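What follows is a single structure, written as structure tokens, with notes after it.
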Amino acid sequence: MEAIILQILNGLDKGSAYALIALGLTLIFGTLGVVNFAHGALFMIGAFCAVTLQRLLNLSHEVIDDTKKDFLGNPLKVDVPYLADWFGADAAQTIIQWSVPLAILFSIPIMILVGISMERGLIKHFYKRPHADQILVTFGLAIVLQEIIKAFFGANPIPTPAPPAFTGSFDFGALIGMENIIYPYWRMVYFAFAMVVIAGVFAFLQFTTFGMVVRAGMADRETVGMLGINIDRRFTIMFAIAACVAGLAGVMYTPINSPNYHMGMDFLVISFVVVVVGGMGSLPGAVLAGFVLGILEAFASMNEVIDIVPGINQIIIYLVAIIVLLTRPRGLMGRKGVMEE
Amino acid sequence: MGILEVKGVNKRFGGLQALGNVNLSVAENTVHAIIGPNGAGKSTLLNCLVGKLIPDTGSVMFDGQSVLGRHPHEINQMGISRVFQTPEIFGDLTVLENMMIPCFARRDGSFRMHAFEQFSHERELIDKAMHMLEEVNMAEKKDMHSASMSRGDKRRLEMAMCLVQEPRLLLLDEPTAGMARADTNNTIDLLKEIKQKRDITMCIIEHDMHVVFSLAERITVLAQGTPLVEDTPDKIKGHPKVQEAYLGEAAH
Amino acid sequence: MLGLATKDFVLLLVVAVLCLFAPVLLNPFPETSDLAQFNAGYPDLMQRFVIFGIFAIGFNILFGLTGYLSFGHAAFLGVGSYSVVWMFKLLNYNIVPGLLLSLVVSGLFALAIGYVSLRRSGIYFSILTLAFAQMSFALAYSVLTPITNGETGLQVYGNDPQYLQGDSAPNIPHLFGMTMRATETVEFGPWLWQFNAGYYFCAVVMLIAFYLAIRIFRSPFGMMLRAVKSNQQRMRYTGLNPRPYTLAAFVISGMYAGLAGGLMASMDPLAGAERMQWTASGEVVLMTILGGTGTLIGPVLGAGLIKYLENILSKINDNILHQWFAFMPDGLEDFLVAIVHPFIGKGWHLTLGLVFMAVVIFLPGGLVEGGQRIGRLFGRKKPAEAEAKAAAKTPAE
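Residue numbers (the numbering used here), protein chains in the order written: chain A, 1 to 341; chain B, 342 to 593; chain C, 594 to 990.
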């Protein structure tokens, strides 16, 4: 029992990332009808927003510290972040440590900007082109984005720690009266954060007029267009939102996995599988499939399972996808008749 | 015993009874029209005949063999060709190539790995295709990109593609839908000519009464998924039930 | 000639002649000149040109004709490489058994993957093939280590049985005694030409592959494949079953990929799992698109251009750039170097991505279409070239 709960928990953080990326992919596919292979790159850009902010906050200047001397007796030069000048050393320390959560605020305008320019500058011209062309051009864009990031930040993963308040683990088992379920704090935070974002997106679509139009557009684009509603502008905004969701998923994921330039591609392939398993165009399906696949992956990584079926942890997601596609092409929650071929 | 025998066919979509106990017999070498108001189940019936849909109950026999549970390509190989409401042709191919494909299908069956044969050696089939194109007055367009043709030409090409297969039964799904009057008349003449030249059974689903009465030898009236009446055009014209169900509303 | 129309035969002949003289043609700059760095006529690179040419020609049979976009063709490449290295390990260094095995194994592999994947079309097909390739890649890295030697990559060790290895036979890949590394170097004035046995072997294989592809393109079967791309509904209602046609195309293109993978291992007896990664699949898509999807010569051009760019751009560094721009004022020189810097050396992937996007956006027909546009621009084009290009584009008659 403990083992099962532990694996479910282990699956939650990856599942959350899958769900968030897949949610954005589905939004874009459902509204714009575009298969966006550059969505993983948005996730990566989000992660590098966190890195950038961390570096910005650490910007410092040299100050001669008279109280300290080096071994030759000269005054020691120390780097003092500008923040320390403005807010005092302790406050600056705290701000820097909290750079990842702060990056949420930092990343939102950036992601919106990236999203809008991507949609207006490129994707817009591909609405009427075949899916193959969309896949190809966004695939090219993904390469370009990841190479730009690589040029700026290098090829090595960059550690971005979580705030000290959330480092370390806690005994999840104690909460529910069981033993031996130790779970890192930040993963719990990530899961909670993902739930908030998902709930936010759903609430936005459910309870605002804007969301209603978008949902109508997802169901039947032409009719809504004929009603004289400017669907294009709304779709641009939806693209920006989807970019934001992916970006935020990336920001918060940095303490779990140090960001590197190819993380986007790594997640993208799986996220596509998630979208397909959940059902093309189904938002709840994307979220559900994200968590289900994340948890399945965690279970498949258990030593007991690997002993029985070696290598299963590596292929479980693809295996599930193949089975789902062949038996139920519309996915777990896809609408009948939508992209079933 | 007709070439096509439909017996007791039912088809439900969820709560909607699309076809209810349809019986239909199409005699060989006749032109049989199926008419009825929108939503009468004409297209559903047609889809049941070509293997796109499978009826819940009942039987569909073509030339003494059941078509049920067979794939569309198998049904076509039995001798049933279909013309669609909007012309379905191979838009990326030239007109002649469009014509060659049914020729190959007729000769080689549903699949043949003729990867290293030479197209230009198929003299016989090319002649056959050209002959058919001449019959529909399209021979001079043989090298045209078929997607760039007018809708009327696409329609004629599609018919020629069906006919070159020498089908025993030709199903036409609203062949004049969306056409101007002149084009409609051309199509009627074309169909009459086709019928004159060969032994072929045609089954037309049509909205336009002008077309129906110019061509059909027998008419089945479908309303709400059931055949209302089946008779010759003259009798149908005066039939009170039909007037009520269909012609009445078309009259004004 | 050879069962080809004159236009196609001319095209084949042109490609054959280009292949024959490639070591000379690709080395236009004398060794002593500064421009020698742009030469491409050395064996390793020329081998890659033709091997990836085979890969792309095969991919084009599937994607160009049927429109099915596979994102998993790298799996077949990897399978082909493993087959060849295994034959090296078990039999001897003769490449023939390995290449035959790579054809068979990749064909079977493609049959299995294709049978499942082709039950779906469009983006689902792309994702299914991607899933299969990623699965193969993951398994090759982990569980299948006994067969693939995992991360290290499969290679021949001294204690391998090599049952048929004769005492006098060469200890490197060879074709009945002719080693693939054998190179005849000819110095002609300041020029240096290298005639390499491995390259010529690959080129012959590519010419055969190219010839077969032309035959397929011009055959009734090829027309059926284009019919699949055009309208599957009409195809079914014309009494044709699209599934076996697409499966046959998939298997053929899988075998081309397997052959290409086999040749890679024949030139350099090493097979690694990274050859199966999906970025490798993306690369062949790119080559095909860049050259011109659905054209005969396009994929070969695309493969050549990408491999050339990869080679040249990743070789250039800032020092070389400074030499180029040395004639300019210092400030401007530094500025230009700084601008060009991200696109060269390790950044060549960036250039690749940009070129790729530009082609998809502005020139969906690839280089072949570009050539035709330029040809039209200048009115009367050079006859041979124009004919070759027209032949590549116009369908069979």
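Note that CB positions come from ideal geometry on N, CA and C, so glycine has one too.
Note that the structure is predicted; figures quoted are calculated from it, not measured.
Classify residue i as buried or exposed, calling it buried when 16 or more other Cβ atoms lie within 10 Å of its own Cβ.
{"i": "C:Ile-740", "result": "exposed"}
{"i": "C:Tyr-708", "result": "exposed"}
{"i": "C:Phe-718", "result": "buried"}
{"i": "B:Met-441", "result": "buried"}
{"i": "C:Val-689", "result": "exposed"}
{"i": "B:Glu-429", "result": "buried"}
{"i": "B:Glu-438", "result": "buried"}
{"i": "C:His-915", "result": "exposed"}
{"i": "C:Ala-931", "result": "exposed"}
{"i": "A:Gln-54", "result": "buried"}
{"i": "B:Leu-556", "result": "buried"}
{"i": "C:Ser-761", "result": "exposed"}
{"i": "A:Phe-43", "result": "buried"}
{"i": "A:Met-1", "result": "exposed"}
{"i": "C:Leu-685", "result": "In the sequence as displayed, the identity of residue 685 of chain C is Asn instead of Leu. C:Asn-685 comes out buried."}
{"i": "B:Asp-494", "result": "buried"}
Identify the contact partners of residue i in chain C, using a Cβ-Cβ distance below 8 Å as the criterion.
{"i": "B:Leu-434", "result": "Met-816, Arg-819, Ala-820, Ser-823 and Pro-988"}
{"i": "A:Gly-311", "result": "Ala-731, Leu-732, Ser-735, Val-736 and Leu-737"}
{"i": "B:Asn-388", "result": "None at all; the shortest Cβ gap to chain C is about 11 Å."}
{"i": "A:Asp-133", "result": "Val-953 and Pro-957"}
{"i": "B:Ile-442", "result": "Met-816, Met-817, Ala-820, Met-828, Thr-831 and Leu-833"}
For residue i and chain B, any beta-carbon pair shorter than 8 Å?
{"i": "C:Ala-983", "result": "Note that C:Ala-983 has pLDDT 48, beneath the 50 cutoff, so the model's placement of it is unreliable and no number is given."}
{"i": "C:Phe-602", "result": "no"}
Please tell me whether residue i and residue j are closer than 8 Å, where the distance is taken between their beta carbons.
{"i": "B:Glu-463", "j": "C:Pro-862", "result": "no"}
{"i": "C:Met-771", "j": "C:Ala-790", "result": "yes"}
{"i": "C:Met-680", "j": "C:Gly-673", "result": "no"}
{"i": "A:Thr-31", "j": "A:Phe-235", "result": "yes"}
{"i": "A:Tyr-18", "j": "A:Ile-270", "result": "yes"}
{"i": "A:Tyr-190", "j": "A:Phe-170", "result": "no"}
{"i": "A:Ile-8", "j": "A:Asn-58", "result": "no"}
{"i": "B:Ser-491", "j": "B:Leu-498", "result": "no"}
{"i": "C:Ile-716", "j": "A:His-125", "result": "no"}
{"i": "B:Val-367", "j": "B:Ile-344", "result": "yes"}
{"i": "B:Val-424", "j": "B:Leu-365", "result": "no"}
{"i": "A:Ser-60", "j": "A:Pro-81", "result": "yes"}
{"i": "C:Gly-946", "j": "A:Val-144", "result": "yes"}
{"i": "A:Gly-285", "j": "A:Gly-334", "result": "yes"}
{"i": "C:Gln-991", "j": "C:Gly-964", "result": "Since the displayed chain C opens at 594 and closes at 990, residue 991 of chain C lies outside it and no answer follows."}
{"i": "A:Glu-62", "j": "A:Asp-90", "result": "no"}
So which residues of chain C does residue i contact, with C-beta pairs closer than 9 Å?
{"i": "B:Phe-403", "result": "Chain C residues near B:Phe-403: none, gap ~14 Å exceeds 9 Å."}
{"i": "B:Glu-423", "result": "Checking the displayed sequence, the identity of residue 423 of chain B turns out to be Arg instead of Glu. By Cβ distance, chain C contributes Tyr-830."}
Got a sec? Which residues, its chain only, sit under 7 Å from residue i by beta carbon, not counting five neighbours each side?
{"i": "C:Ile-650", "result": "Ala-802, Phe-803, Ala-806, Tyr-849, Pro-892 and Val-893"}
{"i": "C:Glu-744", "result": "Tyr-734"}
Could you confirm whether any beta carbon from chain C is found closer than 8 Å to the beta carbon of residue i?
{"i": "A:Pro-157", "result": "no"}
{"i": "B:Gln-406", "result": "no"}
{"i": "A:Ile-322", "result": "yes"}
{"i": "B:Ala-456", "result": "yes"}
{"i": "A:Phe-139", "result": "yes"}
{"i": "A:Ala-151", "result": "yes"}
{"i": "A:Tyr-261", "result": "no"}
Taking C-beta pairs closer than 7 Å, name the residues in chain B that residue i reaches, listed in chain order.
{"i": "C:Gln-826", "result": "Glu-429"}
{"i": "C:Gly-596", "result": "Gln-459"}
Which same chain residues end up closer than 6 Å to residue i when comparing Cβ atoms and leaving out the 5 residues on each side of it in sequence?
{"i": "B:Glu-571", "result": "Thr-561"}
In chain order, what residues of the same chain have a beta carbon less than 8 Å from the beta carbon of residue i, not counting five sequence neighbours either side?
{"i": "A:Ile-108", "result": "Cys-244, Gly-247 and Leu-248"}
{"i": "C:Asp-627", "result": "Gln-916"}
Counting only beta-carbon separations shorter than 8 Å, does residue i have a partner in chain A?
{"i": "C:Gly-972", "result": "no"}
{"i": "C:Met-728", "result": "yes"}
{"i": "C:Leu-611", "result": "no"}
{"i": "C:Ala-724", "result": "yes"}
In chain C, which residues lie less than 7 Å from residue i when you measure between Cβ atoms?
{"i": "A:Gly-290", "result": "The premise fails here: A:Gly-290 is roughly 16 Å from chain C at the closest Cβ pair, so nothing lies under 7 Å."}
For residue i, go through chain A and note every residue whose CB falls closer than 8 Å to its CB, in chain order.
{"i": "C:Ile-905", "result": "Simply none; closest approach about 17 Å."}
At 9 Å on the CB atoms, spell out the chain A contacts of residue i, in chain order.
{"i": "C:Arg-868", "result": "Chain A residues near C:Arg-868: none, gap ~17 Å exceeds 9 Å."}
Report the neighbours of residue i on chain B: residues whose CB is nearer than 9 Å to its CB, in chain order.
{"i": "C:Arg-811", "result": "Gln-459, Phe-460 and Ser-461"}
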